[in-house]
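Start counting the sequence shown at 77; every next residue gets the next number (this note's numbering). Data block below; observations after.
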Amino acid sequence: VEIYPQMKVDPPVHATTGKPLGLADLIHFWDMKRPVCVVNEVGKGRAILLNFSVYNAPFSGLLTDLLASAGSTPKIEVTNPEGETIPGLEITRWKNGEIELVSLMGHHEGPVHVSLPDNQFVYDLKKGESLGRIKTFKTDVHTVRPSLFALLDRESPRPEIKLESESIGKGSVGRATIRVPGAKGKHAMKVTVKTSMGEEADWMKDILLLDEGPKEVRLPIAFNDPEGTWTLSARDLFTGESGTVSFRVE
Numbered sequence: 077v078e079i080y081p082q083m084k085v086d087p088p089v090h091a092t093t094g095k096p097l098g099l100a101d102l103i104h105f106w107d108m109k110r111p112v113c114v115v116n117e118v119g120k121g122r123a124i125l126l127n128f129s130v131y132n133a134p135f136s137g138l139l140t141d142l143l144a145s146a147g148s149t150p151k152i153e154v155t156n157p158e159g160e161t162i163p164g165l166e167i168t169r170w171k172n173g174e175i176e177l178v179s180l181m182g183h184h185e186g187p188v189h190v191s192l193p194d195n196q197f198v199y200d201l202k203k204g205e206s207l208g209r210i211k212t213f214k215t216d217v218h219t220v221r222p223s224l225f226a227l228l229d230r231e232s233p234r235p236e237i238k239l240e241s242e243s244i245g246k247g248s249v250g251r252a253t254i255r256v257p258g259a260k261g262k263h264a265m266k267v268t269v270k271t272s273m274g275e276e277a278d279w280m281k282d283i284l285l286l287d288e289g290p291k292e293v294r295l296p297i298a299f300n301d302p303e304g305t306w307t308l309s310a311r312d313l314f315t316g317e318s319g320t321v322s323f324r325v326e
């Protein structure tokens with residue numbers, strides 16, 4: 077039996093056709109109890125009345141048990157370093173194809189411990205790095221900036237770049253294609269070009285969204301651009317993986 081501290085329960089409420097779940101002893105009334113919750117079966121589901129004020133009520137364990145009784149359990153668990161549940165932490169999950177994106181943010185500042193249901197390849201989107209194939213990991217959560225992660229069942233491949241030609245004449249436009257082999261969702265790709273002088277070309281700072289198919293990029297070379305070896309790079313903003321090819325400007 078789990079005992080909760082003092083809570084504000086509505087005294088007039090009592091169970092009729094519904095089943096009481098948990099009982100509260102009313103202060104100043106001998107042997108007078110009222111249900112903490114009332115459960116009614118409705119079709120294939122159930123309706124649950126929470127007969128108490130949720131403000132500052134210590135009911136996180138109760139709600140977890142109620143949801144679990146309906147088969148809804150958290151896929152991702154986040155605790156503080158002592159293994160305790162963190163109040164006010166918001167865990168948001170959404171699907172991008174077969175890629176799962178996770179955001180952690182709330183009224184908490186500091187280190188947390190994240191547990192996944194299975195081993196997965198985890199990528200820290202803010203840091204642009206791979207954490208490897210893991211089931212648990214540690215990170216820091218901030219109150220105003222979400223921590224973002226991508227979860228994949230298999231390691232994400234490097235972006236693949238193919239040039240139409242390895243040399244581009246001045247005053248002409250070269251072409252290249254960029255793809256993520258076997259992509260199972262959309263990948264945000266930062267594309268940059270560096271001249272033979274090591275400077276980034278200001279006409280190529282695109283963010284491309286790639287899925288299974290390749291996308292073409294144009295490489296317009298001006299008559300006054302420097303000759304020599306240039307580079308075209310694509311960096312996956314989800315996984316940090318990158319690919320680079322070289323071409324000559326003549």
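Here a beta-carbon is modelled for each residue, glycine too, at the ideal position from N, C-alpha and C. Quantities reported herein were computed from a predicted structural model and do not represent experimental measurements.
- Message: In the DSSP assignment, the beta strand (DSSP E) including Glu205 goes from what residue to what residue?
- Response: Position 129 of the sequence shown, counted from the start, is the residue given in the question as residue 205. Per DSSP, the continuous beta strand (DSSP E) segment holding Glu205 begins and ends at 205-217.
- Message: Using CA atoms only, rank isn't needed, just tell me which of Val269, Asp229, Lys84, Leu165 is closest to Arg221.
- Response: Counted from its first residue, the sequence shown places residue 221 at position 145. Closest option to Arg221, Cα to Cα, is Leu165.
- Query: In whole angstroms, what is the alpha-carbon distance linking Phe299 and Trp170?
  - Reply: The sequence position of residue 299 within the sequence shown is 223, counting from 1. The sequence position of residue 170 within the sequence shown is 94, counting from 1. Going from the Cα of Phe299 to the Cα of Trp170 covers about 47 Å.
- Item | Rounded Cβ spacing between Val154 and Glu185 (contact assumed at less than 8 Å) | Translated into the one-based positions of the sequence shown, residue 154 becomes position 78. Translated into the one-based positions of the sequence shown, residue 185 becomes position 109. Between Glu185 and Val154 the Cβ distance is about 14 Å, and since that is not below 8 Å, they are no contact.
- Query: How many Å lie between Leu332 and Thr219 at the Cα?
  - Reply: Examination of residue 332 is not possible in this model, given that the chain is present from 77 through 326 alone.
- Message: So the candidates are Ser232, Ser179, Val198, Val114; which of them puts its Cα closest to the Cα of Pro96?
- Response: Within the sequence shown, residue 96 is the residue found at index 20, counting from 1. If we check each option's Cα against that of Pro96, Val114 comes out closest.
- Item | Segment contact, 8 Å Cβ cut-off, at least three pairs: the segment 227-240 with the segment 137-145 | Judged by Cβ distances under 8 Å, the segment 227-240 makes no contact with the segment 137-145, as fewer than three pairs qualify.
- Leaving out five residues on either side along the sequence, give the residues of the same chain with a beta carbon under 6 Å from the beta carbon of Val77. Translated into the one-based positions of the sequence shown, residue 77 becomes position 1. For Val77, the predicted structure reports a pLDDT of 42, less than 50, and the residue's modelled location is therefore unreliable. The matter cannot be settled from this model.
- Query: How would you call Leu285, buried or exposed, if buried means at least 16 neighbouring beta carbons within 10 angstroms?
  - Reply: Within the sequence shown, the letter at position 209 stands for residue 285. Label assigned to Leu285: exposed.
- Query: Taking the DSSP output, what are the residues bridged to Gly274?
  - Reply: The residue given as residue 274 occupies position 198 in the sequence shown. Secondary-structure assignment with DSSP links Gly274 through no beta bridge to anything.
- Query: Any idea what DSSP makes of Ser148, helix, strand or coil?
  - Reply: Position 72 of the sequence shown, counting from 1, holds the residue named residue 148. Ser148: coil per DSSP, three-state reduction.
- Do the CB positions of Lys211 and Leu192 come within less than 9 Å of each other? Here the question's residue 211 lines up with position 135 in the sequence shown. Here the question's residue 192 lines up with position 116 in the sequence shown. Result yes, Cβ atoms of Lys211 and Leu192 sit closer than 9 Å.
- Out of curiosity, what's the CA-to-CA distance linking Tyr199 and Lys151? Residue mapping note: residue 199 aligns to position 123 of the sequence shown, counting from 1. Residue mapping note: residue 151 aligns to position 75 of the sequence shown, counting from 1. If I take the Cα positions, the gap works out to 17 Å.
- Message: Among the candidates Met83, Glu326, Ala123, Val85, whose CA atom is the shortest distance from the CA of Gly250?
- Response: Taking the first residue of the sequence shown as position 1, residue 250 is located at position 174. Ranking Met83, Glu326, Ala123, Val85 by Cα distance to Gly250 puts Glu326 first.
- Task: Note down the Cα distance separating Lys260 from Leu99, rounded to an integer number of angstroms.
- Result: Taking the sequence shown and counting its residues from 1, the one referred to as residue 260 is at position 184. Taking the sequence shown and counting its residues from 1, the one referred to as residue 99 is at position 23. For Lys260 and Leu99, the distance between alpha carbons rounds to 50 Å.
- Item | Asp141 - DSSP class collapsed to helix/strand/coil | The count along the sequence shown starts at 1 and reaches residue 141 at position 65. Here Asp141 sits in helix by DSSP.
- Straight-line Cα distance separating His183 from Pro163: Residue mapping note: residue 163 aligns to position 87 of the sequence shown, counting from 1. Residue mapping note: residue 183 aligns to position 107 of the sequence shown, counting from 1. Note on geometry: alpha-carbon atoms of Pro163 and His183 lie some 8 Å from one another.
- Cα-Cα separation between Glu160 and Trp306, rounded to whole angstroms: Here residue 160 refers to the residue found at position 84 of the sequence shown. Here residue 306 refers to the residue found at position 230 of the sequence shown. Across the structure, Glu160 and Trp306 are spaced so that their CA atoms are roughly 53 Å apart.
- Return the first residue and the last residue of the beta strand (DSSP E) that Arg255 is part of. Counted from its first residue, the sequence shown places residue 255 at position 179. Start and end: 249-255.
- Message: Let's see if you can read the secondary structure: which residues bound the beta strand (DSSP E) around His184?
- Response: Mapped onto the sequence shown, residue 184 falls at position 108. Run containing His184: none; DSSP gives neither H nor E here.
- Query: Which value, in whole angstroms, describes the spacing of the CA atoms of Leu177 and Ile283?
  - Reply: Within the sequence shown, residue 177 is the residue found at index 101, counting from 1. Within the sequence shown, residue 283 is the residue found at index 207, counting from 1. In this structure, the alpha-carbon of Leu177 lies about 19 Å from that of Ile283.
- Using the rule of at least 16 other Cβ atoms within 10 Å of the residue's Cβ for burial, across every protein chain shown, is Asn195 buried or exposed? Within the sequence shown, the letter at position 119 stands for residue 195. By the neighbour-count rule (16 or more Cβ atoms within 10 Å), Asn195 is not buried but exposed.
- Phe197 bridges to which residues according to DSSP? Locating residue 197 in the sequence shown gives position 121, counting from the first residue. The partner list for Phe197 (beta bridge, DSSP) reads Arg209, Leu228.
- Message: Given this structure, state the Cα-to-Cα distance separating Ala117 from Leu201, to the nearest angstrom.
- Response: Stepping through the sequence shown from its first residue, residue 117 is reached at position 41. Stepping through the sequence shown from its first residue, residue 201 is reached at position 125. A quick correction: the sequence has Glu, not Ala, at residue 117. Whole-angstrom Cα-Cα distance: 43 Å.
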